[in-house]
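Residue 2 is where the sequence shown starts when you use this note's numbering, and the numbers rise one by one after that.
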Amino acid sequence: MEVIGILVLQLLVILCHASTDGGAALRDIRQAAGGSKARTPKIFIYPENKQHTKVSGGSARSMYGLEFVFLQQLKESPYLTTDPNEADYFYYVAYLYYGTHDMTGMIAAMRSFGPYFDRKNASDHLFVITDDFGGCAYQFQLPPKAIAIHHFGRVYDAFEPNPCKWQEYFASHCDYHIKLAEMPEQRPPCHRPFVHIVVPPAHLFERHDLTPGTDFARDPAYYRNWANRTTRFFYAGPINLHKDDPHALTHPESDAQYSWGVRQTVFRLYKNLPGWKFFEKHVPDYAAQQHNAQFCLAALGWGWGGRMKAAVLNGCIPVVIQPQVKVEWEEQLPLHDYALRLPFYMIHKLPEVLQRIVSTGRGEQMQRAMACAWRFHHWEYPTGRAFDLVMCELKARLLKARPRLNTTTCTLDCGDGHLIAVHGSSPYMV
């Protein structure tokens, strides 16, 4: 009884100081009560409906395979509950990319199960979407508060014409910002910041030599001193899609919007610059090329691009140039510690920007931070921790907090003040 009395007295003292430091007081309360680590989120999976689980092709090893990977890791995790009444979040099994595209039917099935879908306006329901255009593919069907876990963080869709028919009219109609301002009614955003979650794809370039995470984690030869890498800038992949099409010679707009012009502009400006390597197609030694490069272009394709993940897994600083698009983990991790983002209008200054990073020693600092963060860009256990970061984000939302990664100490805080060591931690670390 005497011990209980002391604990109660400690809690009263802490509460008296809450007005001056509410956050610290709450942390002290949890510690005094012996519960410094808040409970993990609980997720309920709806009963499966064969209508929505049929697939035609695809697998967990494909670029669009996150809908397989996420479900598998969720089922193997400690976050599941069989009681919907105690669930914090809900998941409905459906393969939107390789199977049904019936979002309306999925929502009807969830509503028929019980009151849970509408209880919080679907703000506790998770949807994995791997479509090239992410949430844009379902922007009118997806409930505004639902949580889309997708790869394409385009915030707004002004529906610009593609191609831009500049020869037929004055092309302000093709300018995104003008088009957005002239729209009589704003279209729903494809990505809702801090509601949806932009995540890395499950796999990349599965037909090529790219071993995500394993080399970077286990072989020090690949994680060589950043300053000694001999390639300043690297890119490999499609650039001008219609390069060999005679029609494109008279209609240059035909593929101009691909990558929103980023790949093409960087290539045209710097393809002959010493130390800058460009390949107009994928190369079989893609990973080895990145291992020897200081900076790697992370641009879009038609929709989401996976080159940020590829760069990070191979220790190459991503140069993100993706107008209007938030990239993977931009709202969860301190990307500024290990990645560079530039607006399109700074492409002509790219050599000067990179030289500044190199000459100040900033590049080596960024790669050291990347040595901590890379696991979150990789899904496969035992090295990947992307699934754990999704759970960390969901847990932090329950606490009305944000995940915090300290890349110096390499520790993750999911909102409760409990620091998780990223390296050496076991799977399902939240």
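Glycine included, C-beta positions come from ideal geometry on N, C-alpha and C.
Under 8 Å, do residue i and residue j count as touching if we go by C-beta distance?
| i | j | result |
| --- | --- | --- |
| Leu143 | Tyr92 | no |
| Val284 | Met309 | no |
| Cys110 | Ile44 | The sequence given here places Ala at residue 110; Cys does not occur at that position. No. Outside cutoff. |
| Cys165 | Ala257 | yes |
| Phe388 | Trp380 | yes |
| Val56 | Tyr96 | yes |
| Phe234 | Phe296 | yes |
| Trp303 | Asp158 | no |
| Thr266 | Ile348 | yes |
| Ala311 | Gln291 | yes |
| Val94 | Leu72 | yes |
| Pro202 | Gly307 | yes |
| Pro239 | Lys282 | yes |
| Leu395 | Pro42 | yes |
| Ala294 | Arg230 | yes |
| Trp227 | Pro324 | no |
| Gln140 | Arg62 | no |
| Ile148 | Val200 | no |
Please name the residue or residues paired with residue i in a DSSP beta bridge.
| i | result |
| --- | --- |
| Thr232 | Ala294 |
| Trp277 | Phe234 |
| Asn407 | Thr412 |
| Leu270 | Looking at the DSSP assignment, Leu270 forms no beta bridge with any residue, so it has no partner. |
| His53 | Answer by DSSP bridge pairing: none, since His53 is not bridged. |
| Lys327 | Gly154 |
| Tyr90 | Ile44 |
| Phe128 | Ala149 |
| Leu390 | Answer is none; Leu390 lacks a bridge partner. |
| Leu97 | Paired residues: none, contrary to the question. |
| Leu81 | Ile44 |
| Ala299 | Val321 |
Specify the secondary structure class of residue i as computed by DSSP and reduced to three states.
| i | result |
| --- | --- |
| Gly106 | helix |
| Asn436 | The structure shown does not extend to residue 436, since the chain is modelled only from 2 to 431, so the question has no answer here. |
| Gly154 | strand |
| Val320 | strand |
| Ile358 | helix |
| Val200 | coil |
| Leu351 | helix |
| Ile240 | coil |
| Arg398 | helix |
| Pro213 | Its pLDDT being 43, under 50, Pro213 is placed unreliably by the model, and the measurement read from it follows with that caveat. Looking at Pro213 - three-state DSSP - the assignment turns out to be coil, as it is neither helix nor strand. |
| Phe71 | helix |
| Leu420 | strand |
| Arg208 | Low local confidence applies: a pLDDT of 39 at Arg208 is under 50, so the model's placement there is unreliable, with the coordinate-based value given in what follows. Reduced to three states, the DSSP call for Arg208 is coil. |
| Tyr177 | helix |
| Thr21 | Residue confidence is low: Thr21 scores 37 on pLDDT, short of 50, so the model does not pin down where it sits. Its coordinate-derived value is still stated next. Of the three classes helix, strand and coil, the one that applies to Thr21 here is coil, per DSSP. |
| Leu314 | helix |
| Leu250 | helix |
| Ala34 | Its pLDDT being 31, under 50, Ala34 is placed unreliably by the model, and the measurement read from it follows with that caveat. It is coil, neither helix nor strand. |
| Leu341 | strand |
| His283 | coil |
| Lys365 | Correcting the residue identity first, residue 365 is Glu in this sequence and not Lys. Note: Glu365 maps to helix in three-state DSSP. |
| Ala265 | Checking the displayed sequence, the identity of residue 265 turns out to be Gln instead of Ala. Residue state, collapsed to three classes: helix. |
| Met430 | coil |
| Asp245 | coil |
| Asp256 | helix |
| Gly425 | coil |
| His378 | helix |
| Ser113 | helix |
| Tyr346 | helix |
| Met309 | helix |
| Tyr432 | Since the displayed the chain opens at 2 and closes at 431, residue 432 lies outside it and no answer follows. |
| Arg120 | helix |
| Met184 | coil |
| Leu336 | helix |
I believe residue i touches residue j by the beta-carbon criterion, under 8 Å. Please report the beta-carbon distance rounded to the nearest angstrom.
| i | j | result |
| --- | --- | --- |
| Lys326 | Phe153 | In the sequence as displayed, the identity of residue 326 is Val instead of Lys. Contact flag correct, Cβ pair sits at about 7 Å. |
| Cys355 | Tyr271 | In the sequence under discussion, the amino acid at residue 355 is Leu, which differs from the Cys named in the question. About 10 Å separates the two Cβ atoms, so there is no contact after all. |
| Ala397 | Gly416 | 4 Å |
| Cys393 | Leu420 | About 12 Å separates the two Cβ atoms, so there is no contact after all. |
| Gln52 | Thr131 | Going by Cβ atoms, the distance from Gln52 to Thr131 rounds to 20 Å, so no, they are not a contact pair. |
Between the stretch 97-108 and the stretch 70-80, do at least 3 Cβ pairs fall closer than 8 Å? no
Under 8 Å: do the stretch 193-208 and the stretch 244-256 share three or more Cβ pairs, one atom per stretch? no
Okay, do the stretch 360-374 and the stretch 407-419 touch, 3+ Cβ pairs below 8 Å being the bar? yes
Is the stretch 317-325 in contact with the stretch 340-348, if contact means three or more CB pairs nearer than 8 Å? yes
Quick check: the stretch 166-184 against the stretch 357-366, are at least 3 beta-carbon pairs closer than 8 Å? no
Taking three-plus beta-carbon pairs below 8 Å as touching, is the stretch 168-175 in contact with the stretch 134-141? no
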